[in-house]
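**Q** In the working numbering, the protein residues as written are 507 to 1178.
Backbone N, C-alpha and C fix where the C-beta goes; we use that ideal spot for every residue, glycine too.
Got a structure here, written out as structure tokens. Questions coming.
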């Protein structure tokens, strides 16, 4: 049978033993874990069990029959099923509170056991489950056992009997904690009686409701003994005359009862540990304090800088508050910022200015820019932004130089990547610091530089595309990319804007050339009326696009852009004239082309042919001959100029650019 605590058993009045022993909150078990397990193994093998309230042991068939015969005669039946079940529950509850295994409960052979109660007794102990089990034990006693106890002159207990009250009624308050009582009244009565008693002299469960309540009472007693001179004198007298514990002993006992009392009396225990020079323990408590501002003041007042560095932890509210204090007081102190960065979670989002300073100091410029971009550039120190911007501008300059070296060597395609990188780098420099102020109030407008880099990149895209692809295979996506880049540029410098517009017109003309090729008939065997009907809208759109180019170029008044302007005039005129569109006054546009590029004999010849002015036409013929062409070349070109498929005798490669194409064509004719 279970081992009985005889010393405790002997404290029950002799005339109450037989009735109190059956109560749900009275037992005298003293088994160890090993003894408990072995006892359940024995009990689970027995078919019949015997109990007198305090004992629970196997019974043989003869004993079982005898007890039932006694009960039939009106005497107490120690093998009565309900009495045995209650003793089983009480013994299992003893093990449940101590975390002993209760798996043998499922092998018990008694038929009347409450499966739900057995299930609860087999789970891990929690306050909620403990309270439920205590109520189930009282309910079971009230409905199934109490009537037999009363018949044997026992006292009646109500259905709302507070578990543990039986020990209080016997004036044995020190036993109630061993039941882990959940009733607040029982807890407070027991705690009040035990406030001056050393917890080492009775059984309790650490951090339980009772232990925490008693710990609070001991702390209050300790506070009263520490707070005033009268309290200190009274505490000393009580310690000497009545052997009451002194404040230090009370605090020690409270911590032994319920270590988590420190979390509910943080300021008190912080001061306690500080008086004892237990700085680590004091700091650990400050970390738990919800009054973070108050905890910070104690930390700054009572702890040295070295102690703080040693104790500080990551991601705690106190460490966060500490670093907020430091960084507010010394916002540009690199040493403090580095220290804070190690411990503060997501440091860069909470202290972007300090994070930027560290990144710039460590030359982590890409990370610095990312931080700037993520926070939309708010709250940074101008000096840090200036350093980062200078870095990106220097890198952009190097990439641009690399690109232009390749361009000079004729490796245009290879220059695209470094020039694109230069644009990206310059954009970062401009965003970080749009205007750089240098010595003697000299300023560098990084926005303007960014637009220059961007324009140069767009120009290179067009040059590479034109060099790589014939007009019929024009890469329109690249051309459109260049157009978009140039459209995005908004330089304030008038001369730069003219250069940008010229580049934009060139890109647009490349698009127009490709679109014109698409509407050209294949050869001379076509029906002009049908062709015009099929492509009238496309022709009109081409004219509108050319007019946009003209609108861009006319205000520039730059000799370098005149050939492109003349080409736009000429194409409008020639398209209208050749396909009989009747959309514009083609003679007027031919004249504009001639006037825009007086040195172009093809424009001059066409205009004088249209106006039928023979003397001037002769001058135009002399002009094309000076380029190495004959009148027959002009005639062949004139007849095939709008065909996709040119004839064998088409010796004029193009009339708009009087450059190497014509020189090459002239040399070819001489060789032939």
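CA-CA distance, residue 739 and residue 525?
**A** Locating residue 739 in the chain shown gives position 233, counting from the first residue. Locating residue 525 in the chain shown gives position 19, counting from the first residue. For residue 739, the predicted structure reports a pLDDT of 46, less than 50, and the residue's modelled location is therefore unreliable. A value from the coordinates is still provided. Approximately 48 Å between the Cα atoms of the pair.
**Q** Rounded C-beta distance between residue 819 and residue 793? I'm assuming under 8 Å.
**A** Your numbering for residue 819 matches position 313 in the chain shown. Your numbering for residue 793 matches position 287 in the chain shown. Yes, residue 819 and residue 793 are in contact; Cβ-Cβ is about 7 Å, under 8 Å.
**Q** Identify every run of the alpha helix (DSSP H) within the segment 838-901, keeping only runs that are complete inside it and at least 4 residues long; order them along the chain.
**A** Those alpha helix (DSSP H) runs which fall completely within the segment 838-901 and span 4+ residues are 840-849, 853-856, 858-867 and 871-880.
**Q** Nearest CA to the CA of residue 593: which residue from 561, 1097, 994 and 574?
**A** Taking the first residue of the chain shown as 1, we reach residue 593 at position 87. Selected option, being the one with the closest Cα: 561.
**Q** Is the beta carbon of residue 511 closer than 8 Å to that of residue 552?
**A** For the purposes of this step, residue 552 is taken as residue 46 along the chain shown, with counting starting at 1. For the purposes of this step, residue 511 is taken as residue 5 along the chain shown, with counting starting at 1. Their beta carbons are not under 8 Å apart, which means residue 552 does not touch residue 511 by this criterion.
**Q** Just the Cα atoms here: how many angstroms apart are residue 761 and residue 632?
**A** One-based indexing of the chain shown puts residue 761 at position 255. One-based indexing of the chain shown puts residue 632 at position 126. C-alpha separation (whole angstroms): 21 Å.
**Q** Report the CB separation of residue 935 from residue 910 in whole angstroms; it is logged as a contact under 8 Å.
**A** What you label residue 935 is simply residue 429 of the chain shown in a count that begins at 1. What you label residue 910 is simply residue 404 of the chain shown in a count that begins at 1. Going by Cβ atoms, the distance from residue 935 to residue 910 rounds to 18 Å, so no, they are not a contact pair.
**Q** For my contact list, residue 1067 and residue 1059 are in at a C-beta cut-off of 8 Å; report their separation, rounded to the angstrom.
**A** As a working mapping, residue 1067 is identified with position 561 in the chain shown. As a working mapping, residue 1059 is identified with position 553 in the chain shown. Between residue 1059 and residue 1067 the Cβ distance is about 5 Å, and since that is below 8 Å, they are a contact.
**Q** From residue 833 to residue 949, what does the alpha carbon distance come to, in whole angstroms?
**A** For this step, residue 833 is matched to residue 327 along the chain shown. For this step, residue 949 is matched to residue 443 along the chain shown. Each residue's Cα considered, the two are about 33 Å apart.
**Q** Can you grab the Cα-Cα spacing for the pair residue 1070 / residue 858, in whole Å?
**A** The residue labelled residue 1070 in the question sits at position 564 within the chain shown. The residue labelled residue 858 in the question sits at position 352 within the chain shown. Going from the Cα of residue 1070 to the Cα of residue 858 covers about 51 Å.
**Q** Between the C-alpha atoms of residue 817 and residue 931, what's the straight-line distance to the nearest angstrom?
**A** Position 311 of the chain shown, counting from 1, holds the residue named residue 817. Position 425 of the chain shown, counting from 1, holds the residue named residue 931. Going by the C-alpha atoms only, they are around 43 Å apart.
**Q** What does a CB cutoff of less than 6 Å around residue 906 pick up in its chain, not counting 5 residues either side in sequence?
**A** Along the chain shown, read from residue 1 onward, the residue named residue 906 stands at position 400. Excluding positions up to five away in sequence, the list reads 928.
**Q** Could you tell me whether the segment 718-728 touches the segment 760-774, using the rule of 3 or more Cβ pairs below 8 Å?
**A** Because the criterion of three Cβ pairs below 8 Å is met, the segment 718-728 and the segment 760-774 touch.
**Q** Jot down the residue ranges of each uninterrupted alpha helix (DSSP H) in the segment 996-1071, minimum 4 residues, whole runs only, in chain order.
**A** You should have 1000-1025 and 1034-1059.
**Q** Do the segment 989-1004 and the segment 1038-1049 meet, that is, are 3 or more Cβ pairs less than 8 Å apart?
**A** The segment 989-1004 is not in contact with the segment 1038-1049.
**Q** For residue 636, does the three-state DSSP call read helix, strand or coil?
**A** Reading the chain shown from its first residue, position 130 is the one you call residue 636. In this structure, residue 636 counts as helix in the three-state DSSP scheme.
**Q** Roughly how many angstroms lie between the CA atoms of residue 1034 and residue 1141, to the nearest whole one?
**A** Counting from one through the chain shown, the residue named residue 1034 turns up at place 528. Counting from one through the chain shown, the residue named residue 1141 turns up at place 635. Looking at the two C-alpha atoms, the distance is approximately 20 Å.
**Q** Can we say the segment 978-986 touches the segment 997-1009, given the rule of at least three CB pairs closer than 8 Å?
**A** The segment 978-986 vs the segment 997-1009: no contact.
**Q** In angstroms with no decimal places, state the Cα-to-Cα distance between residue 548 and residue 564.
**A** Counted from its first residue, the chain shown places residue 548 at position 42. Counted from its first residue, the chain shown places residue 564 at position 58. So the alpha carbons of these two residues sit roughly 8 Å apart.
**Q** What separation, rounded to the nearest whole angstrom, lies between the Cα atoms of residue 1122 and residue 1110?
**A** As a position in the chain shown, residue 1122 is number 616, starting the count at 1. As a position in the chain shown, residue 1110 is number 604, starting the count at 1. Near 8 Å, if we compare the C-alpha coordinates of residue 1110 and residue 1122.
**Q** Would you check if the segment 634-648 and the segment 582-596 touch, i.e. whether three or more CB-CB distances between them fall below 8 Å?
**A** These segments touch.
**Q** Just to confirm my understanding: we take residue 719, look at its own chain, exclude 5 residues before and 5 after, and list those with CB closer than 6 Å. What are they?
**A** Within the chain shown, residue 719 is the residue found at index 213, counting from 1. Cβ neighbours of residue 719 beyond the five flanking positions: 693 and 697.
**Q** So, is residue 513 buried or exposed, given that buried needs 16 or more other C-beta atoms within 10 angstroms?
**A** Mapped onto the chain shown, residue 513 falls at position 7. With fewer than 16 Cβ atoms within 10 Å of its Cβ, residue 513 is classed as exposed.
**Q** If you check the beta carbons only, do residue 1149 and residue 1027 fall under 8 Å apart?
**A** Within the chain shown, residue 1149 is the residue found at index 643, counting from 1. Within the chain shown, residue 1027 is the residue found at index 521, counting from 1. Cβ atoms of residue 1149 and residue 1027: closer than 8 Å.
**Q** For residue 748 and residue 842, I'd like the C-alpha separation in whole angstroms.
**A** To locate residue 748, count along the chain shown from 1; it is residue 242. To locate residue 842, count along the chain shown from 1; it is residue 336. Summary for residue 748: the model assigns pLDDT 45, below 50, so the residue's position carries little reliability; its value from the coordinates is reported in the next sentence. Using only the alpha carbons, I get a separation of about 55 Å.
**Q** Tell me, please, which residues DSSP counts as bridged to residue 563.
**A** Your numbering for residue 563 matches position 57 in the chain shown. DSSP lists 556 as partners of residue 563.
**Q** What ranges does the alpha helix (DSSP H) occupy inside the segment 757-812, keeping only unbroken runs of at least 4 residues that lie completely in it?
**A** Those alpha helix (DSSP H) runs which fall completely within the segment 757-812 and span 4+ residues are 767-770, 772-781, 785-794 and 798-808.
**Q** According to DSSP, is residue 626 part of a helix, a strand, or is it coil?
**A** The residue labelled residue 626 in the question sits at position 120 within the chain shown. Helix at residue 626.
**Q** Which of the three DSSP states, helix, strand or coil, is assigned to residue 709?
**A** On the chain shown, residue 709 is found 203 positions in, with the first residue counted as 1. The answer is coil: DSSP assigns residue 709 none of H, G, I, E or B.
**Q** What's the C-alpha gap between residue 1083 and residue 1138?
**A** For this step, residue 1083 is matched to residue 577 along the chain shown. For this step, residue 1138 is matched to residue 632 along the chain shown. Cα to Cα, the separation comes out at about 21 Å.
**Q** Going by Cα to Cα distance, which pick from 1030, 654, 671 and 753 is closest to residue 701?
**A** Within the chain shown, the letter at position 195 stands for residue 701. Cα-wise, what sits closest to residue 701 is 753.
**Q** If residue 705 sits next to residue 791, beta carbons under 8 Å apart, how far is it from one beta carbon to the other, in whole angstroms?
**A** One-based indexing of the chain shown puts residue 705 at position 199. One-based indexing of the chain shown puts residue 791 at position 285. Residue 705 to residue 791, Cβ: 21 Å. No contact.
**Q** In chain order, what residues of the same chain have a beta carbon less than 8 Å from the beta carbon of residue 1050, not counting five sequence neighbours either side?
**A** By one-based count along the chain shown, residue 1050 stands at place 544. None.
**Q** From residue 737 to residue 757, what distance separates their C-alpha atoms?
**A** As a working mapping, residue 737 is identified with position 231 in the chain shown. As a working mapping, residue 757 is identified with position 251 in the chain shown. Low local confidence applies: a pLDDT of 49 at residue 737 is under 50, so the model's placement there is unreliable, with the coordinate-based value given in what follows. Straight-line Cα distance between these residues: approximately 16 Å.
**Q** Suppose you measure from the CA of residue 532 to the CA of residue 670; what does that come to, to the nearest Å?
**A** Position 26 of the chain shown holds residue 532. Position 164 of the chain shown holds residue 670. So the alpha carbons of these two residues sit roughly 8 Å apart.
**Q** Would you mind working out which of 682, 655 and 678 sits nearest residue 668, comparing C-alpha positions?
**A** For the purposes of this step, residue 668 is taken as the residue at position 162 of the chain shown. When only C-alpha atoms are compared, the closest one is 682.
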